[in-house]
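J.: If you scroll down you'll find the structure; I have some questions about it.
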Amino acid sequence: MNEHDPLTRLLGTPGEDSGCEGGMAMIAEYVELELAGRNAEELFPALAAHLRNCPACAEDYQGLVALARGRQS
Amino acid sequence: MRSEPAQTPAGSLPDALDLESRAWVEGLRTTGGELVAAIERLHDLLLRAAHSEARRRRHLYPEISGAELDDLCGQAADDAVLAVTRKLDGYRGASRFTTWAYGFAVFEVSVQLRRHRWRGGVIPTADDDTTWERLASGGTTAQTRIESAELLRALRRAVAEELSPRQRQVFVAVALNDVEIDVIAGQLQSTRGAVYKVLHDARRKLRLRLEREGHLEQAETT
Chain A
1 MNEHDPLTRL
11 LGTPGEDSGC
21 EGGMAMIAEY
31 VELELAGRNA
41 EELFPALAAH
51 LRNCPACAED
61 YQGLVALARG
71 RQS
Chain B
1001 MRSEPAQTPA
1011 GSLPDALDLE
1021 SRAWVEGLRT
1031 TGGELVAAIE
1041 RLHDLLLRAA
1051 HSEARRRRHL
1061 YPEISGAELD
1071 DLCGQAADDA
1081 VLAVTRKLDG
1091 YRGASRFTTW
1101 AYGFAVFEVS
1111 VQLRRHRWRG
1121 GVIPTADDDT
1131 TWERLASGGT
1141 TAQTRIESAE
1151 LLRALRRAVA
1161 EELSPRQRQV
1171 FVAVALNDVE
1181 IDVIAGQLQS
1191 TRGAVYKVLH
1201 DARRKLRLRL
1211 EREGHLEQAE
1221 TT
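Right under this line is the structure:
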């Protein structure tokens, strides 16, 4: 399975997944690390997996990136 | 690798926290008129964030605009302020306060937009022939298409035989029919996180079954 194949889109990926609430607790730090050029995915693998498996949280993540980036500029 | 937020006791903040973030937290820990003023500033901040996020998503929800969108952003900001003040002790200073608070505004506006668009819509709950035929032809909005008829039959059997009624309801709606998870959460009077857990458990059961039957190569690790 890889994250781009149709079955993975239906079944998600195996392994640790932070879940929505667990992800929410870490997402601000994740976004700031990423904007600072750090490898947030490596530091928070369970959240990175969740963002691949949960389209709603992935879209929220994009929104938070845009807001945090706007604040930086 | 970090698997949880920085370990700072509830209520205390790291010495290195930026002054602006510290001022936000201290303002929200005051009482009386100072607290009212701090909450008004927070509401202004989160209302702007809600509007900004709604603008970013306007291509997804072109039918929601004007006063309707303003009301929706106002409601999202109200709910986000409540969430921030209730969870203030959970803020450990691992990020700027504004980034942390923006997360609540983004979450609330996304829930409002999704549920608003789906108002009155019918949520598919049956894993009927139409659902599976669409999956075979790639006709879902996510353009998910499974070309192997054998795999599709195996998945359909697994959905019927492995999942609890609630897991089947959530999997069929969210994974097979692209219904937004916040819409299902609203219908079930639940939360995004709780519905996601149901989906996650359903997916795990299905992966295990398909692995047992030799349809998946990678071993389940959780």
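Here the protein sequences come in this chain order: A and B.
So for the first sequence, our numbering puts the first residue at 1; every next one is plus one.
So for the second sequence, our numbering puts the first residue at 1001; every next one is plus one.
The beta carbon of each residue, even a glycine, is placed where N, CA and C say it ideally should be.
Measure the CB-CB distance between ARG1114(B) and ASP1182(B) and report whether it falls below 9 Å.
T.: Taking 9 Å as the Cβ cut-off, ARG1114(B) and ASP1182(B) qualify as a contacting pair.
J.: Should ASP1182(B) be flagged as near chain A, meaning a C-beta pair shorter than 9 Å?
T.: For ASP1182(B), the answer is yes, since a Cβ of chain A falls inside 9 Å of its Cβ.
J.: If you follow the alpha helix (DSSP H) that THR1131(B) is part of, which residue opens it and which one closes it?
T.: Unbroken alpha helix (DSSP H) run through THR1131(B): 1129-1137.
J.: Identify the contact partners of GLY12(A) in chain B, using a Cβ-Cβ distance below 9 Å as the criterion.
T.: Simply ALA1175, LEU1199, HIS1200, ARG1203, ARG1204, ARG1207.
J.: Using a Cβ-Cβ cut-off of less than 9 Å, list which residues of the segment 48-71 of chain A approach chain B; keep chain order.
T.: The segment 48-71 of chain A vs chain B, Cβ under 9 Å: HIS50, ASN53, CYS54, PRO55, ALA56, CYS57, GLU59, ASP60, TYR61, GLN62, GLY63, LEU64, ALA66, LEU67, ALA68, GLY70, ARG71.
J.: GLN1189(B): beta carbon under 8 Å from a heavy atom of the ligand FAD?
T.: In the structure shown, the ligand FAD is absent, as is every other ligand, since no ligand is present at all.
J.: Can you confirm whether the segment 1181-1195 of chain B touches the segment 1118-1126 of chain B when touching is taken to mean that 3 or more C-beta pairs between the two stretches lie within less than 8 Å?
T.: A contact exists between the segment 1118-1126 of chain B and the segment 1181-1195 of chain B.
J.: Please compile the residues from chain A whose C-beta is within a distance smaller than 7 Å of the C-beta of SER1137(B).
T.: Neighbours of SER1137(B) on chain A: none; closest Cβ ~12 Å, over 7 Å.
J.: Given a threshold of 16 other Cβ atoms within 10 Å of its Cβ, counted over all protein chains shown, does THR1130(B) qualify as buried or as exposed?
T.: Label assigned to THR1130(B): exposed.
J.: Cβ closer than 8 Å: which chain A residues qualify as neighbours of TRP1100(B)?
T.: Within 8 Å Cβ-Cβ: ALA28.
J.: For GLU34(A) and VAL65(A), I'd like the C-alpha separation in whole angstroms.
T.: The alpha-carbon atoms of GLU34(A) and VAL65(A) are separated by roughly 9 Å.
J.: Only counting the same chain, and skipping five residues up and downstream in sequence, which positions put a Cβ closer than 6 Å to that of LEU1028(B)?
T.: Hits under 6 Å: ALA1038, LEU1088.
J.: Quick one: measure Cβ to Cβ for MET26(A) and PHE44(A), integer angstroms, because I've assumed they're closer than 8 Å.
T.: Indeed, because the Cβ distance is near 6 Å, the residues count as touching under 8 Å.
J.: If I measure Cβ to Cβ from GLN1075(B) and keep anything under 7 Å in the same chain, skipping five residues before and after, which residues do I get?
T.: The answer, listed in chain order, is GLN1112.
J.: Going by Cα to Cα distance, which pick from HIS1200(B), ALA1023(B), LEU1069(B) is closest to GLY1093(B)?
T.: Comparing Cα positions, the closest option is ALA1023(B).
J.: Give the residues of chain B in contact with GLU21(A), contact being defined as C-beta atoms less than 7 Å apart.
T.: Result: GLY1193.
J.: Just to confirm, are ALA1101(B) and CYS1073(B) a CB contact at a threshold of 9 Å?
T.: No, the Cβ-Cβ distance between ALA1101(B) and CYS1073(B) is not below 9 Å.
J.: Got a sec: is the Cβ-Cβ distance from ARG38(A) to anything in chain B below 9 Å?
T.: No - not a single Cβ of chain B is within 9 Å of the one on ARG38(A).
J.: Any beta carbon from chain B within less than 9 Å of GLU32(A)'s own beta carbon?
T.: Yes - at least one Cβ of chain B is within 9 Å of the one on GLU32(A).
J.: Of the residues SER1012(B), LYS1197(B), ARG1209(B), ALA1077(B), which one's Cα is nearest the Cα of LEU1046(B)?
T.: With distances taken between Cα atoms, LEU1046(B) lies closest to ALA1077(B).
J.: Any beta-carbon of chain A closer than 9 Å to the one on ILE1146(B)?
T.: So, interface residue.
J.: Which first and last residues belong to the alpha helix (DSSP H) in which PRO1165(B) is found?
T.: It spans 1165-1170 - the alpha helix (DSSP H) in which PRO1165(B) sits, taken as one unbroken run.
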